[in-house]
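According to our numbering, the sequence shown holds residues 1062 to 1372 in order. Note that CB positions come from ideal geometry on N, CA and C, so glycine has one too.
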Amino acid sequence: MQDRFEDLRTFVAVVQGRSFASAARQLGVVKSAVSRRVNELEERLGVHLLNRSTRNLSLTDTGRVFFEKSTALLAALEEVEGLASHGAVEPVGDLRILAPSSFGRLHLVPMVCRFLEQHPRLSVELSLNDEVVDLMTEGFDMAVRIGKLPDSNLSARSLGPIRRVACASPEYIARFGAPKQPSDLSHHSGILYSNVDEQKYWRFVDPRTGDEQSVTVTSRLRMNTGDSLCDAALAGAGIAVLPTFIIHEFVSSGKLVPVMLPFEKVPAELNVVFPCRKLLPAKVKAFADFLGTTFISPPYWDRDIFGSSEA
């Protein structure tokens, strides 16, 4: 049985590392041993798990199912071993988390540090990336995501809404004035988030009716990260629409001023997601629960802008 678990570990390492050489480095063995073990696994099962070419590896349809089941089985084994050795379902092992860049840097990094203090037998790898990737194939245990969740093979737990407001620097407002409603934006310079369609970016909710309003804004500056938009707004380049989790400290210090309130963009949803499983590994459940108790409503970044009564 031990050999079979080693087969699974080897196969999972190959898929996650996308090569036999990478898996060999991770496992501390020679490349030929990895290749031989995967070949023997396929022969025993009587199926092809991997499509091999000179440049890359990819999973067959059967290989994808086998990979998902293998990662779940290895996670369960890790938890059972932790239970036996520690007398309780204490999180152990390595926890790989994927998160958006700005949110991760500003809010998850300090939370992960506090989480590790509570769980000394656990280690965390936090990867910050704004692209949506396949958690299973890339070897992530869970992810924090903002917005819609297209993956059908994921379970999600909501952590609350992400609110987004228009803002500008005091210097910009002193020169050009502050818009009071979305239609006023036609007379202002906008800073556009280039990863979103312009009409979707300049779309606000009328607090009186709940209707959405799209406006046309002159945008001479386009950027692809929230942090860069915030920097440009701080420099007085125009009006940007940004998540409150990015701007809350600048609003508190007076370096940025929200405009057009109570008009906001439609809130996005903040979720923690993980592969669908009947039983979550203890390490995944522990961190999801930790986030759920930390991100209470309203979150601290909204209280800095709206106050506790409005959020």
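Going by the CB atoms, is the gap between residue j and residue i shorter than 8 Å?
i, j, result
"Val-1257", "Leu-1322", "no"
"Ser-1162", "Thr-1286", "yes"
"Val-1334", "Ile-1234", "no"
"Leu-1135", "Leu-1210", "no"
"Ser-1250", "Thr-1277", "no"
"Val-1320", "Ala-1204", "no"
"Leu-1220", "Phe-1356", "yes"
"Thr-1123", "Val-1108", "yes"
"Lys-1344", "Leu-1156", "yes"
Can you tell me where the beta strand (DSSP E) holding residue i begins and where it ends?
i, result
"Met-1284", "1279-1284"
"Ala-1343", "That residue, Ala-1343, is in no beta strand (DSSP E); its alpha helix (DSSP H) goes 1343-1355."
"Arg-1269", "Per DSSP, Arg-1269 belongs to no beta strand (DSSP E) and is neither H nor E."
"Ser-1219", "1215-1223"
Is DSSP giving residue i helix, strand or coil here?
i, result
"Asp-1258", "coil"
"Gln-1077", "helix"
"Pro-1243", "helix"
"Ser-1146", "Residue confidence for Ser-1146 is low, a pLDDT of 49 falling below 50, so the modelled location carries little weight and cannot support an answer."
"Pro-1231", "helix"
"Asp-1155", "strand"
"Phe-1335", "strand"
"Glu-1139", "helix"
Ignore the nearest five residues each way along the sequence and tell me which others in residue i's own chain have a CB closer than 6 Å to its CB.
i, result
"Ser-1188", "Leu-1159"
"Leu-1246", "Pro-1240, Val-1276 and Val-1278"
Leaving aside the five residues before and after residue i along the sequence, list all residues of the same chain whose C-beta is less than 7 Å from its C-beta, in chain order.
i, result
"His-1168", "Phe-1306"
"Arg-1166", "Leu-1189"
With respect to the alpha helix (DSSP H) encompassing residue i, which residues constitute its N-terminal and C-terminal limits?
i, result
"Pro-1171", "1170-1179"
"Gly-1107", "It is not in any alpha helix (DSSP H) - Gly-1107 carries neither H nor E in the DSSP assignment."
"Ala-1294", "1287-1295"
"Ser-1313", "1305-1314"
"Met-1203", "Where Met-1203 is concerned, there is no enclosing alpha helix (DSSP H), although the beta strand (DSSP E) it sits in stretches over 1203-1207."
"Leu-1196", "1196-1199"
Hey, would you say the C-beta of residue i is under 7 Å away from at least one heavy atom of the ligand HEM?
i, result
"Ala-1294", "This structure lacks the ligand HEM; in fact it carries no ligand of any kind."
In chain order, what residues of the same chain have a beta carbon less than 8 Å from the beta carbon of residue i, not counting five sequence neighbours either side?
i, result
"Pro-1222", "Pro-1328, Ala-1329, Glu-1330 and Leu-1331"
Taking residue i as the reference, which of the options has the closest Cα?
i, options, result
"Arg-1269", "Trp-1263, Thr-1286 and Gln-1242", "Gln-1242"
"Glu-1178", "Gly-1353, Glu-1067 and Phe-1348", "Phe-1348"
"Ala-1376", "Leu-1183, Thr-1277, His-1180 and Lys-1316", "Beyond the ends of the chain as shown, which are 1062 and 1372, falls residue 1376; an answer cannot be given."
"Ala-1293", "Ser-1247, Phe-1324, Arg-1182 and Glu-1232", "Glu-1232"
"Ser-1255", "Asp-1288, Arg-1224, Asp-1202 and Phe-1324", "Asp-1288"
"Thr-1132", "Val-1076, Phe-1081, Asp-1064 and Ala-1301", "Val-1076"
"Asp-1314", "Gly-1299, Lys-1326, Trp-1362 and Met-1197", "A small fix is needed here, since residue 1314 is Ser in this sequence, not Asp. Ranking the options by Cα distance to Ser-1314, first place goes to Trp-1362."
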